[in-house]
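Peer 1:
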Amino acid sequence: MSSLDPFLAVKDVSVSAQWYQTVLGLRRQHGGDALAIMTNEKGQVVLCLHRWGEHEHPSLTNPAISPGNGLLLYFRVENLEETRQRVEQRGYPVLEDIHLNPNSFKKEFSLRDPDGYHLTISEYHEYQGVISVGGGEQSPPKPIA
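Structure representation (structure tokens):
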């Protein structure tokens, strides 16, 4: 696999696109009322916002089902403090403020987007080494210079 383009079903594409632009600095590159392709500063697709019920996509048809069950959107950002400050300035509610995650050893905070999806925003890091999950040994990730 060379790329993953996650689709989120949303009530209002424009509201959600604006939210992701404000919080994460993403850019809206394509779409209309039913779809927004959100990219990072390098033009890489990060997220696709799709209006509920459009185009008959499986799992994007029933907004009555709780959004995001079994899904955590985990974003790694270069500017964690600035991102958190933008969230505060807009008055978006935070679920968990900046703290050190005991598993990743990285600072992060959590909130929900306008459609109720759970986001954790972490300071930027690269994944390196193996971390055992499910009761096994866990060693801290090796820092990358």
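Taking our numbering, the leading residue of the sequence shown gets 50, the next gets one more, and so forth.
Note that CB positions come from ideal geometry on N, CA and C, so glycine has one too.
#1: Nearest CA to the CA of glutamate 131: which residue from Gln177, Ser52 and Thr71?
#2: Is it the case that the Cβ atoms of lysine 156 and glutamate 175 are separated by a distance below 7 Å?
#3: Please report the distance separating the alpha-carbon of proline 151 from that of valine 126.
#4: Measuring CA to CA, which of Asp54, Asp146 and Leu96 is closest to arginine 77?
#5: Do you know how far the Cα of tyrosine 123 is from the Cα of glycine 92?
#6: By Cβ distance, which residues of its chain are closer than 8 Å to methionine 50, with the 5 residues on each side in sequence left out?
#7: Looking at C-alpha atoms only, which residue of Met87, Glu145, Ile114 and Asn128 is the closest neighbour of valine 64?
Peer 2: Let me lay it out:
#1: Here residue 131 refers to the residue found at position 82 of the sequence shown. Of the candidates Gln177, Ser52 and Thr71, the one whose C-alpha sits nearest the C-alpha of glutamate 131 is Thr71.
#2: Position 107 of the sequence shown, counted from the first residue, corresponds to residue 156. Position 126 of the sequence shown, counted from the first residue, corresponds to residue 175. Contact flag unset, no.
#3: Translated into the one-based positions of the sequence shown, residue 151 becomes position 102. Translated into the one-based positions of the sequence shown, residue 126 becomes position 77. Distance between the alpha carbons of proline 151 and valine 126 is about 18 Å.
#4: Start at 1 with the first residue of the sequence shown, and residue 77 comes out as number 28. It is Leu96.
#5: Taking the sequence shown and counting its residues from 1, the one referred to as residue 92 is at position 43. Taking the sequence shown and counting its residues from 1, the one referred to as residue 123 is at position 74. Going by the C-alpha atoms only, they are around 19 Å apart.
#6: Looking up residue 50 in the sequence shown gives position 1. Reliability of the predicted coordinates at methionine 50 is poor, the pLDDT of 49 falling under 50, and the value obtained from them is presented with this limitation in mind. Contacts found: none.
#7: The residue labelled residue 64 in the question sits at position 15 within the sequence shown. When only C-alpha atoms are compared, the closest one is Met87.
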